[in-house]
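Peer 1: Quick one: the structure is below, questions incoming.
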Amino acid sequence: MYTVKEAAHMTGLTEHAVRFYTDKGLVPSVQRDEHNNRLFDAEAINWLLGVKCLKASGMPIKAIKAYVDLCLQGDATIPQRYALMMKHKEEALARLEEAKRHAAHLEEKVALYQTILEGLSPDTTNPANWDRIRHMHGDVFYSPSAEDRLAAVRS
Numbered sequence: 001m002y003t004v005k006e007a008a009h010m011t012g013l014t015e016h017a018v019r020f021y022t023d024k025g026l027v028p029s030v031q032r033d034e035h036n037n038r039l040f041d042a043e044a045i046n047w048l049l050g051v052k053c054l055k056a057s058g059m060p061i062k063a064i065k066a067y068v069d070l071c072l073q074g075d076a077t078i079p080q081r082y083a084l085m086m087k088h089k090e091e092a093l094a095r096l097e098e099a100k101r102h103a104a105h106l107e108e109k110v111a112l113y114q115t116i117l118e119g120l121s122p123d124t125t126n127p128a129n130w131d132r133i134r135h136m137h138g139d140v141f142y143s144p145s146a147e148d149r150l151a152a153v154r155s
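Following full-length UniProt numbering, the numbering of the sequence shown begins with 1 at its first residue and continues without gaps.
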């Protein structure tokens, strides 16, 4: 049997993470001694490693708990575990696409800043300047001023 400190060392997790995962019910085989200290056998270490793997994939604790609960029900839940993994994969791919959009937007911003730094373009990045330069890009980048939007709402 291993202590929290030993389990943390064996799995590469922090002691805090080991305690957190056990408190969330993600390590069903964890045991307690007479002083209520957590004790880990080889199976409990495997559960910790499995949780670490799922967490590294970005899976939220709630989904990991659902996965653990399904595993405890046995092989009959393999289709449900597969569905859970497919859902998680689709969510990860959606986050990846969003990250790609963010990166592309940032590439545009960096290029714009480069032209500003080179003196080839005025500073169009500072919202404090937008009223002065609206004539340059008003149809593309800037919506009506706050005053115009407020006037439209009031009328």
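All C-beta atoms in this analysis are idealised placements derived from N, C-alpha and C, irrespective of residue type, glycine included.
Relative to the alpha-carbon of Q37, which residue among A56, G50, D23 has its alpha-carbon at the smallest distance?
Peer 2: Your numbering for residue 37 matches position 37 in the sequence shown. A small fix is needed here, since residue 37 is Asn in this sequence, not Gln. Comparing Cα-Cα distances from N37 to each of A56, G50, D23, the minimum goes to D23.
Peer 1: Which whole runs of the beta strand (DSSP E) in the region 18-61 are 3 residues long or more, in chain order?
Peer 2: none
Peer 1: Going straight from the alpha carbon of H105 to that of A94, what length do you get?
Peer 2: The residue labelled residue 105 in the question sits at position 105 within the sequence shown. The residue labelled residue 94 in the question sits at position 94 within the sequence shown. Those two C-alpha atoms are separated by around 17 Å.
Peer 1: With a threshold of 16 other CB atoms inside 10 Å of the CB of L96, please say whether the residue is buried or exposed.
Peer 2: Translated into positions along the sequence shown, residue 96 becomes position 96. Answer is exposed; the Cβ neighbour count stays below 16.
Peer 1: List the whole-angstrom C-beta distance separating K65 from T11, where the pair is believed to meet the contact cut-off of C-beta under 8 Å.
Peer 2: Mapped onto the sequence shown, residue 65 falls at position 65. Mapped onto the sequence shown, residue 11 falls at position 11. K65 to T11, Cβ: 18 Å. No contact.
Peer 1: Is DSSP giving M86 helix, strand or coil here?
Peer 2: By 1-based counting over the sequence shown, the position of residue 86 is 86. M86: helix per DSSP, three-state reduction.
Peer 1: Buried or exposed: where does A92 fall if 16 or more other Cβ atoms within 10 Å of its Cβ makes it buried?
Peer 2: Mapped onto the sequence shown, residue 92 falls at position 92. With fewer than 16 Cβ atoms within 10 Å of its Cβ, A92 is classed as exposed.
Peer 1: Kindly list the residues whose CB is nearer than 7 Å to the CB of R32, restricted to its own chain and excluding five residues on each side of it in sequence; keep chain order.
Peer 2: In the sequence shown, residue 32 corresponds to position 32, counting from 1. R38, L39.
Peer 1: Rounding to the nearest angstrom, what Cα-Cα distance links E6 and I116 in this structure?
Peer 2: Your numbering for residue 6 matches position 6 in the sequence shown. Your numbering for residue 116 matches position 116 in the sequence shown. Straight-line Cα distance between these residues: approximately 55 Å.
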